[in-house]
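Student: In our numbering, the protein residues as written are 37 to 137.
Beta carbons: idealized from backbone N, C-alpha and C, even for Gly.
The structure displayed is predicted, hence computed values, not measured ones.
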């Protein structure tokens with residue numbers, strides 16, 4: 037089961053539809069893969085963010101995420117582009133940098 041991964045991301049400001057505050061450890065969101073956008077409902081997964089390093093001045097960060105459900109191994113390969121969501125709001129876009137386990 038592939039459940040824990042790391043990703044770099046850019047946080048969408050609230051003025052452009054993102055979340056009001058910065059990302060925080062323990063935050064639960066949805067994640068989807070841009071490569072599989074046509075299968076939106078099938079590739080949407082819940083994730084809890086365990087570690088977050090975020091610079092609010094430039095809106096860039098890195099995070100360790102733990103998926104609630106497993107996904108195929110190829111979905112977590114380095115370089116896969118992701119969207120971090122809360123409902124229909126896109127909170128961030130990013131790229132998977134490594135799979136931990």
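Would you mind listing the alpha helix (DSSP H) stretches within the segment 41 to 127 that are 4+ residues and don't spill past its ends, in chain order?
Tutor: 76 to 79
Student: Do residue 113 and residue 40 come within 7 Å of each other at the CB atom, strictly closer than that value?
Tutor: Numbered from its first residue, the chain shown carries residue 40 at position 4. Numbered from its first residue, the chain shown carries residue 113 at position 77. Their beta carbons are not under 7 Å apart, which means residue 40 does not touch residue 113 by this criterion.
Student: Under 7 Å, do residue 88 and residue 61 count as touching if we go by C-beta distance?
Tutor: Position 52 of the chain shown, counting from 1, holds the residue named residue 88. Position 25 of the chain shown, counting from 1, holds the residue named residue 61. Yes, these two residues count as a Cβ contact at 7 Å.
Student: When you compare only the Cα positions, how much space is there between residue 48 and residue 81?
Tutor: As a working mapping, residue 48 is identified with position 12 in the chain shown. As a working mapping, residue 81 is identified with position 45 in the chain shown. Taking the straight line joining both Cα atoms gives about 20 Å.
Student: Distance, Cα to Cα, residue 55 vs residue 116?
Tutor: Locating residue 55 in the chain shown gives position 19, where the first residue counts as 1. Locating residue 116 in the chain shown gives position 80, where the first residue counts as 1. Each residue's Cα considered, the two are about 23 Å apart.
Student: Hey, how far is the Cα of residue 85 from the Cα of residue 120?
Tutor: In the chain shown, the residue the question calls residue 85 occupies position 49. In the chain shown, the residue the question calls residue 120 occupies position 84. So the two alpha carbons sit approximately 11 Å from each other.
Student: Which partner residues of residue 132 appear in the DSSP bridge assignment?
Tutor: In the chain shown, the residue the question calls residue 132 occupies position 96. DSSP, once it has assigned bridges, lists 43 as partnering residue 132.
Student: CB residue 96 to CB residue 132, shorter than 7 Å?
Tutor: Within the chain shown, the letter at position 60 stands for residue 96. Within the chain shown, the letter at position 96 stands for residue 132. Their beta carbons are not under 7 Å apart, which means residue 96 does not touch residue 132 by this criterion.
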